[in-house]
Amino acid sequence: MLNVERPYPPLLRRPAYSDSPRAREALETYIDEVMKLGVLQNVGHNKEVELTTPVIITWNNDKSKMVGDFRALNTYTIPDGYPIPRIHETLIQLSKAKFITSMDALKGFHQTFLIPNAGELLRIIAHCGIYEYLRMPFGIIMHPLIIK
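Terminal number for the sequence shown in the numbering used here: 158, no gaps in between.
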């Protein structure tokens with residue numbers, strides 16, 4: 011669950027970052043792709059939206075990836091008290107196992123569905139509009155606890 015202090019602090023309404031033409035094109039392409047996958051929905055250019063997080067494009071060789079700057083939101087997120095298991099204790103428990111399997115979830119953060127109304131906390135802003143996440147984005151402080 012994602013809990014944020016209310017009323018929302020003013021610094022959670024942030025403008026879009028300026029980008030190069032190459033980054034703008036990559037951002038538009040990425041947004042179109044994740045909208046087709048049902049990860050994002052378009053909110054438009056609504057000035058009434060209380061929360062927005064700017065996004066940037068990062069490059070690894072010629073591949074691009076969209077990253078939300080959720081630092082301000084994470085500052086006001088109320089942490090869950092449930093601890094992440096310690097790796098040492100987990101390995102001790104696994105030492106008695108006869109079989110061990112593993113799975114790797116492709117883009118695991120996008121596999122986590124959000125509870126109703128959580129999307130209003132996870133709105134991103136770009137030069138091409140405001141979008142709301144329908145699934146958990148990368149960069150949210152509570153995500154490791156939720157996905158485990």
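No residue lacks a Cβ here, since even glycine has one placed at the ideal position from N, Cα and C.
- Taking the CA atoms as reference points, residue 69 sits about 33 Å from residue 93.
- Assigned with DSSP and collapsed to three states, residue 67 falls in strand.
- Around the beta carbon of residue 110, fewer than 16 other beta carbons lie within 10 angstroms, which makes this residue exposed.
- If you draw a straight line from the Cα of residue 143 to the Cα of residue 73, it is about 22 Å long.
- Per the C-alpha coordinates, the member of 43, 101, 146, 33 positioned closest to residue 125 is 146.
- Here DSSP, grouped into helix, strand and coil, assigns residue 111 to coil.
- Here DSSP, grouped into helix, strand and coil, assigns residue 24 to coil.
- Judged by DSSP in its simplified three-state form, residue 85 adopts helix.
- Counting along the chain, residue 37 sits inside the alpha helix (DSSP H) bounded by residues 31-46.
- Note on geometry: alpha-carbon atoms of residue 33 and residue 67 lie some 6 Å from one another.
- Residue 81 counts as exposed, since fewer than 16 other beta carbons sit within 10 angstroms of its beta carbon.
- Here DSSP, grouped into helix, strand and coil, assigns residue 129 to helix.
- For residue 103, no pairing in a beta bridge is given by DSSP.
- With contacts defined as CB atoms closer than 8 Å, residue 62 and residue 133 qualify as a contacting pair.
- For residue 121, the closest C-alpha among the options 24, 28, 50 is that of 50.
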